[in-house]
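Note sheet for the following structure.
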Amino acid sequence: MNLESLKGRHLIDPEDFTMEELQALLDLGLKMEARPEDYADCCKGKIMGTLFYEPSTRTRLSFESAMLRLGGQVLGFSDAAVSSAAKGESLADTVRVMDDYAHTLVMRHPREGAPKLASQYATVPVINAGDGGHQHPTQTLTDLLTLQKYRGAIENLQVAFCGDLLFGRTVHSLLKTLCRFPGMTFYLVSPTELRIPGHLRDELQHRYHITLHETPHLDDCIEKIDLLYMTRIQKERFFNEEEYVKLKDSFILTRDKLKTAKEDLMVLHPLPRVNEIQYEVDEDPRARYFEQATMGVYIRMALLSAVMGVKLA
Amino acid sequence: MNLESLKGRHLIDPEDFTMEELQALLDLGLKMEARPEDYADCCKGKIMGTLFYEPSTRTRLSFESAMLRLGGQVLGFSDAAVSSAAKGESLADTVRVMDDYAHTLVMRHPREGAPKLASQYATVPVINAGDGGHQHPTQTLTDLLTLQKYRGAIENLQVAFCGDLLFGRTVHSLLKTLCRFPGMTFYLVSPTELRIPGHLRDELQHRYHITLHETPHLDDCIEKIDLLYMTRIQKERFFNEEEYVKLKDSFILTRDKLKTAKEDLMVLHPLPRVNEIQYEVDEDPRARYFEQATMGVYIRMALLSAVMGVKLA
Amino acid sequence: MNLESLKGRHLIDPEDFTMEELQALLDLGLKMEARPEDYADCCKGKIMGTLFYEPSTRTRLSFESAMLRLGGQVLGFSDAAVSSAAKGESLADTVRVMDDYAHTLVMRHPREGAPKLASQYATVPVINAGDGGHQHPTQTLTDLLTLQKYRGAIENLQVAFCGDLLFGRTVHSLLKTLCRFPGMTFYLVSPTELRIPGHLRDELQHRYHITLHETPHLDDCIEKIDLLYMTRIQKERFFNEEEYVKLKDSFILTRDKLKTAKEDLMVLHPLPRVNEIQYEVDEDPRARYFEQATMGVYIRMALLSAVMGVKLA
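These protein sequence lines map, in sequence, to chains A, B and C.
All letters in the first sequence, in the order written, are residues 1 to 313 by the UniProt record's numbering.
All letters in the second sequence, in the order written, are residues 1 to 313 by the UniProt record's numbering.
All letters in the third sequence, in the order written, are residues 1 to 313 by the UniProt record's numbering.
This is the structure we're talking about:
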């Protein structure tokens, strides 16, 4: 059983899990979404610790909702300023103590690699809830569950990523993971300044022999694609205001741009959005980003119960 | 059954509920206060989301205590700075996502109308926990439950409001609501600069044909009244320090001022107080503001269980 | 039964409890550590309120974990800035209201004596979670439980305190408490500027007829001692940066310094540490500070259940 192999495991990078393990998690996520009441007590007596060294209401609350829906409990901090880190304590020490307080630790950190480091000191499973511009594996799981739910099998899809592909960790995590599924084609739509990092391009092409179609124009692929993954151009990743203002409006999705798209296209977005998807698009049945947020809770329920190895109904 | 009609309903303004619905809630509040243990599991499996865009320990914790006493769970944020709002997300988007995390949303917002807007996007009940200088309906429910508990039927009462009647949203909410009960007389005691807003005076007189006795002297009515509702002169509502200092000490309740008051007068205050009720008054049996805070938990228990439509014992 | 005598009691100073009561608590703590599952529901329906006027992730989360492991619930604030205190409310008023929200209150405050004051207004038990440089009784209980667990009976021990003995409230609380146990000898190792306060030295010598061996050199006692209690030289207690830098490195424990120590020496530290214990020491079996943090959860479980007087399995 692949779920059992996840007991006690950390999730730092989506590649930590095999394809079979990913599929087992997705299957559990769909079951939980269909009948959440069957799982309402399965984490009774368990505690999830949240170590948010960087604020993230969305991700934190999605995890908290997941844990509470499983009958578990939550403690932690949502702001490094209020934590012992402010007193000069090392991450390793913080983790070794938090470890006693909880049965699993969920960590967001501005520094790449911090959750990995934490996992080396923790005796309980550590889940990476985003580390700098690096990885955001539970967002990737969320994206996969949304695809699975609304599209069925994840294979032979034409996928476009649009917006900030340089700094967007959700894009990097999802792109690397989708490469592992069969028959995928990718279009990378971004301004030249925000193309995916060279090392990632090299790695993907080398490992998966995949062609990445890079273009600054969504029109080049809009008619062909099955999934359009939009991203926010994140102000906090820029070094100066001027450059941000210049680029942020370049890649905005409107109702008009969707006119020639397939009827069963799926538009996703990790949220929060600012204006890169116009509000008029929300009404379009192809817009699935709010359903995606809903799926985020179910896949986290599946993940939490799997790594803590609780008995499922 | 009037309680059943509250299932799935928002509470933005006390007028959202009919007199029958208000009475049904008050009756449930009294039952919960009498036998809280009978309701200890009725929100098991339910989650309350708190969206506090402005800090308010008191109101937030009263809601949290209510939800926990019903066997429910709580998640949310208590500070907008830590929320996605800081990333430029619209309120509508935040609500559409939080909606997936919880079975009811409790919102405090510095902007008037924000909870109303939220209720238009939420699929779960939204409860207004204070919006700017506008409404604070659960404080009003608290005040009504205190009256009901310690006075019995709410009718034919002489009521004085004292202090800041211009900016005090608790006063506006309660005043408008008490006008709906039979045989009420009102004295509005405030400095000229802090009299109730003109539009509110006009509305009340026009709709309820009520005489509002406005005076800057508590002495004018202290002997006649059944309820004295004191309010804090809120520093944060003032534009300059000087004006604040000049006015804040004008309307302070002392033991001395209570000498000629009725024996069954009830003194209420929404708290926190600064010095507008002297500590010496706390010993007076007519001081009921701490009991009032207690009632706040029970009426919120009643409200939460009603809007979520849970099965009561 | 000594546990029963703790029902409804405040814990402000370790001296609030008799030796018999302390022993009963320690015994319960060990039982809970051995079989936590037996106590998983004993605080069902109870709420712990946390009033943290000063941030302290460690202590707060240890209390929260304890309460949640007992099946109870938690609410509160972790930062005075977000509380009603910011609106000018007195501590007495805050406590009288929080009192309605919870069955016990845990308070950390930067001002000495604040928890004592709070206990005079609360109708529920108040637990001091640290007040200024004054007391930190639950850290003391943690230290005692660690001694009891790893050493057995607390008697006839040679104990060294090392580091900041002037400002360290954990040292003061533990030192005063250990004086109450039979046959204890103390070595106080600190720079001259950071020796224990004169009034404490006088009090201990007068009350317990105890000799305190004060020295700036750990070498003077390292071979004799059974317990080495290290403390952080806390930056926030200093008036200027220069003095802090000069002193902080003086009292650092290394593997080398432990060479001549007893094999069954126990090294404790209230954590967080900065660099006063080198990481290389962590591997040494005599280092018990992480086990100590674990014990902190169990003794708080014992304390919470005792003061709330819940039925134990």
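Just so it is clear, CB atoms sit at the ideal spot from N, CA and C, and this is done for glycine as well.
- Take residue 59 of chain C, set aside five residues on each side of it, and the residues of its chain with a beta-carbon closer than 6 Å to its own are 129, in chain order.
- Judged by DSSP secondary structure, residue 184 of chain C falls outside any beta strand (DSSP E); it is assigned neither H nor E.
- In the structure shown, residue 53 of chain C falls within a coil segment according to DSSP collapsed to helix, strand and coil.
- CA-CA distance, residue 133 of chain A to residue 235 of chain C, rounds to 32 Å.
- Of the residues C:160, C:218, C:175 and C:97, the one whose Cα lies closest to the Cα of residue 137 of chain C is C:175.
- Nearest C-alpha to residue 103 of chain C among C:296, C:306 and C:264: C:306.
- Shown here for residue 145 of chain A: same chain residues with a beta carbon closer than 6 Å to its own, the five before and five after excluded, namely 26, 29, 295 and 299 in chain order.
- From the listed residues B:240, B:121, B:64 and B:43, the smallest Cα separation to residue 48 of chain C is found for B:64.
- DSSP places residue 150 of chain C in the uninterrupted alpha helix (DSSP H) bounded by 137 to 151.
- Residue 231 of chain B sits in coil when the DSSP states are folded into three classes, being neither helix nor strand.
- Apart from sequence neighbours up to five positions away, the residues of its chain that approach residue 257 of chain A with a beta-carbon distance below 7 Å are 218 and 222, ordered along the chain.
- A direct Cα-to-Cα measurement between residue 33 of chain B and residue 74 of chain C gives close to 21 Å.
- Excluding sequence positions up to five before and after residue 131 of chain C, its CB lies within less than 7 Å of the CB of 109, 111, 112, 113, 114 and 115, all in the same chain and listed in chain order.
- Counting every other CB atom within 10 Å of its CB across the protein chains shown gives residue 205 of chain A a total below 16, marking it as exposed.
- Nearest to residue 304 of chain A by alpha-carbon distance, out of A:38, A:67, A:19 and A:5, is A:67.
- For residue 283 of chain A, the closest Cβ of chain B is not nearer than 8 Å.
- Taking CB atoms only, residue 273 of chain A has a neighbour in chain B less than 8 Å away.
- Residue 79 of chain B is positioned such that its CB atom lies closer than 8 Å to that of residue 52 of chain B.
- With a threshold of 8 Å between beta carbons, residue 127 of chain B makes no contact with chain A.
- Cα atoms of residue 254 of chain A and residue 71 of chain C: separation of roughly 50 Å, rounded to the nearest angstrom.
- For the stretch 90 to 111 of chain A, residues whose beta-carbon sits nearer than 9 Å to a beta-carbon of chain C comprise 90, 92, 93, 94, 96, 97, 98, 99, 100, 101 and 102.
- Minimum Cα-Cα distance from residue 233 of chain B among the listed residues B:4, B:284, B:203 and B:270 corresponds to B:270.
- For residue 5 of chain B, there are no neighbours in chain C by C-beta distance under 7 Å, as the nearest C-beta there is about 29 Å away.
- With respect to the 8 Å criterion, residue 287 of chain A and residue 274 of chain A are not classified as neighbours on the basis of their beta carbons.
- For the set B:252, B:179, B:8 and B:194, the Cα lying nearest the Cα of residue 119 of chain B is the one of B:8.
- Taken atom to atom, the span from the alpha-carbon of residue 105 of chain C to that of residue 97 of chain C is near 11 Å.
- Contact annotation: residue 194 of chain A and residue 166 of chain A have beta-carbon atoms nearer than 8 Å.
- Residue pairing from DSSP places residue 106 of chain C in a beta bridge opposite C:50 and C:127.
- The criterion of a C-beta distance shorter than 8 Å is not satisfied by residue 42 of chain C and residue 265 of chain C.
- CA-to-CA, the gap between residue 215 of chain A and residue 99 of chain A works out to about 46 Å.
- In this structure, the CA atom of residue 240 of chain B is about 49 Å from the CA atom of residue 135 of chain A.
- Taking the Cβ atoms as the reference, residue 40 of chain A lies roughly 5 Å from residue 45 of chain B, within the contact range of under 8 Å.
- Between residue 170 of chain A and residue 139 of chain A, the alpha-carbon positions lie close to 7 Å from each other.
- When only Cα atoms are considered, residue 224 of chain C and residue 309 of chain C end up about 42 Å apart.
- Counting the other CB atoms within 10 Å of its CB gives residue 149 of chain A a total of 16 or more, which places it among the buried residues.
- Pairing residue 38 of chain C with residue 284 of chain A, the inter-Cα distance amounts to about 54 Å.
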